[in-house]
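The numbers in the numbering used here rise by one with no breaks, and the one at position 8 of the sequence shown is 24.
By construction, the Cβ of each residue, glycine as well, lies at the ideal position given by its N, Cα and C atoms.
In what follows, a structure is listed as structure tokens, so that the remarks can point back to it.
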Amino acid sequence: MLLSKTFQLTAILLAASILNGCSYLKPYKAPITQGTIIKQEQANLLQDGLTMQQVQSILGPPYGKDPFNPLHWEYVFYTTDKDYYPNSIRYLALNFDSDSYLKNWEIRSQEVEINTHDGFIDRLFLED
Numbered sequence: 017m018l019l020s021k022t023f024q025l026t027a028i029l030l031a032a033s034i035l036n037g038c039s040y041l042k043p044y045k046a047p048i049t050q051g052t053i054i055k056q057e058q059a060n061l062l063q064d065g066l067t068m069q070q071v072q073s074i075l076g077p078p079y080g081k082d083p084f085n086p087l088h089w090e091y092v093f094y095t096t097d098k099d100y101y102p103n104s105i106r107y108l109a110l111n112f113d114s115d116s117y118l119k120n121w122e123i124r125s126q127e128v129e130i131n132t133h134d135g136f137i138d139r140l141f142l143e144d
């Protein structure tokens with residue numbers, strides 16, 4: 017009788033630990049990095065009158081080319097790892113004139129935010 021109660025208690029504790037599993041551990045989330053890394057030294061090389069090819073050789077291919085306005089380029093950099101290139105430029109917009117020469121550019125210092133908590137993936141995986 018004592019052996020059967022010990023066996024039942026052991027079975028219940030084993031089942032509880034198996035069902036609980038590793039739920040107290042947070043899963044690893046790999047850092048997400050997207051876009052083009054632009055350093056301040058690269059942005060300092062920009063000047064009025066550069067051609068599109070010259071700009072592309074300095075900064076690399078643009079992250080966003082507007083199909084309706086080919087004279088406007090955008091470079092966006094986003095990462096969830098705050099230690100990965102912390103001093104890089106997060107957003108750079110370039111405008112070219114009708115002859116494809118750089119007319120002006122704008123650096124925005126605000127962080128680029130991507131909503132990762134309201135999408136399809138969150139509906140697949142239940143998170144806290």
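Whole angstroms are fine: how far does the CA of residue j sit from the CA of residue i?
i	j	result
leucine 142	tyrosine 44	Since pLDDT at leucine 142 reaches only 45, below the 50 mark, its modelled position is unreliable, and the value read off the structure follows with that caveat. Straight-line Cα distance between these residues: approximately 15 Å.
leucine 108	isoleucine 34	51 Å
glutamine 63	glutamine 69	13 Å
tyrosine 100	alanine 59	19 Å
phenylalanine 23	leucine 30	10 Å
threonine 26	asparagine 36	15 Å
serine 104	tyrosine 40	36 Å
alanine 46	glutamate 122	31 Å
proline 78	valine 71	9 Å
tyrosine 94	glutamate 57	19 Å
lysine 55	proline 102	10 Å
Taking 7 Å as the threshold (C-beta atoms), are residue j and residue i in contact?
i	j	result
threonine 96	isoleucine 48	yes
valine 92	glycine 51	yes
glycine 146	glutamate 90	One cannot answer for residue 146 here, as it falls past the ends of the chain, which runs 17 to 144.
leucine 61	isoleucine 74	yes
lysine 98	asparagine 111	no
Name the two residues that bound the continuous alpha helix (DSSP H) containing residue i.
i	result
asparagine 111	Element bounds for asparagine 111: not the alpha helix (DSSP H) but the beta strand (DSSP E), 107 to 112.
tyrosine 60	Just to set this straight, residue 60 is asparagine in the shown sequence, not tyrosine. Where asparagine 60 is concerned, the enclosing alpha helix (DSSP H) stretches over 56 to 60.
glutamine 70	68 to 75
On the DSSP bridge list, what partners appear for residue i?
i	result
valine 92	Tyr107
isoleucine 123	Leu108
glycine 80	Glu90
leucine 118	Phe112
Check whether the Cβ of residue i lies closer than 6 Å to any heavy atom of the ligand MN, and answer yes or no.
i	result
leucine 25	The ligand content of the structure shown is nil, which means the ligand MN is not present either.
For the beta strand (DSSP E) containing residue i, name the first residue and the last one.
i	result
threonine 52	Counting along the chain, threonine 52 falls outside any beta strand (DSSP E), and DSSP gives it neither H nor E.
Throw me the rounded Cβ distance for the residue i and residue j pair, which I believe falls under 8 Å.
i	j	result
serine 114	threonine 67	Not really, about 13 Å apart at Cβ, beyond 8 Å.
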